[in-house]
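**Q** Just dropping this structure here.
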Amino acid sequence: EWHSAIHDEL
Amino acid sequence: MNIFRLAGDMTHLLSIIVLLLKIQATKSCAGVSLKTQELYAVVFVTRYLDLFYSFISLYNTVMKIIFLLTAFTIIWYMRKHKVVCQTYDKEQDTFRVLFLIVPCFVLALLVNHEMSVTEVLWTFSIYLEAVAILPQLVLLQRTKNVDNLTGNYIFMLGSYRALYLVNWVYRYFTELGYRQWIVWVSGTVQTCVYLDFFYYYVQAWRNNERMKLPG
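These protein sequence lines map, in sequence, to chains A and B. Here the working numbering is used: position 1 in the first sequence is 1, and no number is missing along the way. In the working numbering, each residue carries its 1-based index in the second sequence increased by 1000.
Structure, rendered in structure tokens:
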């Protein structure tokens, strides 16, 4: 969801 | 993961490898800013704290560990390697990093997604990364002549950010509800920081000459 979507980049 | 994001990550990784190879092969870190390298180490440590509590993918974990290890390896070379450390331009590399760290931290406290330790540190790392190249650019400006490898290193770092911008546009149109303003605004600022450098890099490349920055 949203939280993991914005933390999936390096 | 889309092709732009992967290309961005690979360019980022390649830029670090180029820098490490330059240091190892020439046994010199002349023209490289230790301040910028230390800022990157701070960026990676504060951003990748989630290694301890969340798992996104094997790719994600491995890349994070590589970025952390290479950042500290570069710092080790510049500070401790008995030949390399003597080539460090300490007198020229005088940027006051606290002028970057403190405002970024205050901004992270004010503008974030969630008031928690890890989230504020993650946001701080996003803001800090946007400006972490500045000591390196100031050092280049001072020493004027840019050797090819250092020039390529900075060019690749800038390209990595530009590819991330394209990745965000792609994600915006392909992922429903995907938006992340903090990262977008900081990433745009970060890419703009390189524009001046890009101009002189491309000019030198087109004229087939060594890159020089104006005084």
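Note that CB positions come from ideal geometry on N, CA and C, so glycine has one too.
#1: Specify the secondary structure class of Lys1027(B) as computed by DSSP and reduced to three states.
#2: My output table needs one value for Lys1216(B): the three-state DSSP class, helix, strand or coil.
#3: Using the C-alpha atoms, what's the distance from Met1001(B) back to Thr1174(B)?
#4: The alpha helix (DSSP H) spanning Met1156(B) covers which residue range?
#5: Once DSSP output is grouped into helix, strand and coil, what is the label at Lys1212(B)?
#6: Note down the Cα distance separating Lys1035(B) from Ala1007(B), rounded to an integer number of angstroms.
#7: Does any C-beta atom of chain A lie closer than 9 Å to the C-beta of Arg1005(B)?
#8: In chain order, what residues of the same chain have a beta carbon less than 6 Å from the beta carbon of Phe1095(B), not counting five sequence neighbours either side?
#9: Would you list, in sequence order, the uninterrupted alpha helix (DSSP H) runs of no fewer than 4 residues that lie entirely inside the stretch 1036 to 1124 of chain B?
**A** Working from what's here:
#1: coil
#2: Past the boundaries of the shown model lies residue 1216(B); chain B is included only from 1001 to 1215, so the question cannot be answered.
#3: 11 Å
#4: Asn1148 to Thr1174
#5: strand
#6: 27 Å
#7: yes
#8: Lys1035, Pro1135 and Val1138
#9: 1058 to 1080 and 1098 to 1110
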